[in-house]
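Reviewing the structure listed below.
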Amino acid sequence: MVPRIVAGSASGPLAAAVATAMGTELVDSELDRFPDGELRPCLDGVRDDDVYVVQSTGPPVNDHVVELLLLLDACRRAGAGRVNAVVPYFGYARQDRRRRPGDALGAPVLAGALEGAGAERLLVVDPHTVALEAMFRIPVEMLSAVPLIADALAPSLPDESVLVAPDLGAVKLAERFAARLSRPVAVVRKSRLTGATVEATELIGDVAGRRPVIVDDMISTGATIEAAVEVLLAHGAASDIAVVATHGLLVGGAVQRLAGLPIQQLVVTDTVAPGDAAGLPRQVLSVAGLMAGAIARPHVRRR
Ligand code: R5P
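Here this note's numbering is used: the first residue of the sequence shown is -11, the next is one more, and so on.
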């Protein structure tokens, strides 16, 4: 089957770069919106094809989720041979467990919706939780931007650097970076007070005089990074701080918040379309090659 790439509106440039890397063109598609806000995507010409719908579910999250579901359904109804959801940034993955009675579990609800809409395989990049795989019955391929980001950091990384997990959930990620970059790890203990406020309570590890490289899967409001920076500086870390994350959402005043911190280097990827980051030393790496490789793999004839 020929791989065909469909671009959702959240991921147009990334999907185009994937198609270019694969030597193909995007499937023609349209996205209408009814006056009441309903979305109506439309595509054709994918009969019997192996179709990859590329759509991150970043902000506005709910519109992008619904558009993704409708695109998957459109592919199925147009007679696609196989329908693949490519969700470089998978929103709702933070809702993988109930934190208080009465909470919903957003991640498995979304998993069920994607399967119901016709996804037969899922590709994601550095999801917030690896438990995402267990929420699906369809095969899930988890790609990682860690090698890409680590390679970008390596040439200018001082020997006296330390990889910092800004919360306990990021420890494994920090360890993966540390293994590639041969530097130690420190960990900030954080508690989240609200969606946009967090509190850093403790630092584990030695950061005095070292250049911190804070690593996280995503930066949303920047509150986690801000709290980590405060703790690091209070413990004598060098002030030329680097911050890296696969998904740079930068919402809710994140740009202003981060611009007020002594961040010398900010590395993210294009899993979420990069918005304005004026005043930030932001570098955006593309995951297009990574995704194109993953899409092409099943199509390479094995000898
Ligand atoms: C949470 O566990 C995630 O890994 C990130 O640390 C968090 O989502 C970042 O959000 P914010 O930038 O709003 O603190």
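Just so it is clear, CB atoms sit at the ideal spot from N, CA and C, and this is done for glycine as well.
Q. Who are T257's beta bridge partners in DSSP?
A. H235 and L273
Q: Quick one: residues in its chain with C-beta nearer than 6 Å to the C-beta of V(-10), no 5 flanking neighbours on either side, listed in chain order?
A: D37
Q. Can the beta-carbon of V217 be found less than 9 Å from the beta-carbon of G193?
A. no
Q: Measuring only between beta-carbons, confirm whether E103 sits less than 9 Å from chain B.
A: As a matter of chain content, chain B is missing from the structure shown, which is built from one protein chain.
(Q) Let's see if you can read the secondary structure: which residues bound the alpha helix (DSSP H) around D295? (A) Because the chain spans -11 through 291 in this model, residue 295 falls outside it and cannot be assessed.
**Q.** Beta carbon of A3 nearer than 9 Å to that of L19
**A.** no
Q: State the Cα-Cα distance for the pair R65 and F78, rounded to the nearest angstrom.
A: For R65 and F78, the gap between their C-alpha atoms comes out near 24 Å.
(Q) Please state the DSSP three-state secondary structure of R28. (A) Strand at R28.
**Q.** C-alpha distance - L141 paired with R270, whole-angstrom precision
**A.** 13 Å
Q: Measure the CB-CB distance between Q252 and A230 and report whether it falls below 9 Å.
A: yes
(Q) Please give me, in chain order, every unbroken run of the beta strand (DSSP E) with length at least 3 that falls completely inside the stretch 125 to 158. (A) 128 to 131 and 149 to 153
Q: Kindly indicate which three-state DSSP category P89 falls into: helix, strand or coil?
A: coil
Q) Under a Cβ-count criterion, where at least 16 other Cβ atoms within 10 Å of its own Cβ denotes burial, should C30 be classed as buried or exposed? A) exposed
**Q.** Length of the line joining the Cα atoms of G100 and I137
**A.** 31 Å
Q | Span of the beta strand (DSSP E) around L221 | A | Element bounds for L221: not the beta strand (DSSP E) but the alpha helix (DSSP H), A211 to A222.
Q. Any idea if F165 is buried or exposed, counting beta-carbon neighbours within 10 angstroms, 16 or more meaning buried?
A. buried
Q) Can you tell me whether L111 is buried or exposed, with buried defined as 16 or more other CB within 10 angstroms of its CB? A) L111 comes out buried.
**Q.** Candidates R87, S144 and L161: closest to V118 by CA position
**A.** Closest by alpha carbon: L161.
Q) Straight-line CA distance for G224 to G197? A) 6 Å
Q. With DSSP run on the structure shown, which of helix, strand or coil describes A107?
A. coil
Q.
the ligand R5P and H330: does any heavy atom of the ligand fall closer than 8 Å to the residue's C-beta?
A. In the structure as shown, the chain begins at -11 and stops at 291. Residue 330 is therefore absent and cannot be evaluated.
Q: State yes or no: is the C-beta of A153 within less than 9 Å of the C-beta of V128?
A: V128 is positioned such that its CB atom lies no closer than 9 Å to that of A153.
Q: Please indicate yes or no: does the CB of R82 lie closer than 8 Å to some heavy atom of the ligand R5P?
A: yes
Q) Considering only the beta carbon of each residue, do T209 and A242 sit closer than 9 Å? A) yes
Q. Start and end of the alpha helix (DSSP H) containing L2?
A. G0 to A9
Q) What's the call for G25, buried or exposed, on a 16-neighbour Cβ count within 10 Å? A) exposed
(Q) I want to check one thing, is the minimum distance from the CB of T212 to the heavy atoms of the ligand R5P below 8 Å? (A) yes
Q) On the premise that M206 lies in contact with P76, defined as a C-beta separation below 8 Å, what is that separation, rounded to the nearest angstrom? A) Actually they are not in contact, since the Cβ atoms of P76 and M206 sit about 12 Å apart, beyond 8 Å.
**Q.** Closest Cα partner of A105 within the set M123, P135, L93 and A73
**A.** A73
Q) Say the cut is 8 Å; is the CB of S44 nearer than that to a heavy atom of the ligand R5P? A) no
**Q.** Inter-residue spacing [alpha-carbon to alpha-carbon] between P1 and A247
**A.** 26 Å
Q) Which residue from D204, L102, A266 and D91 puts its Cα closest to that of E121? A) L102
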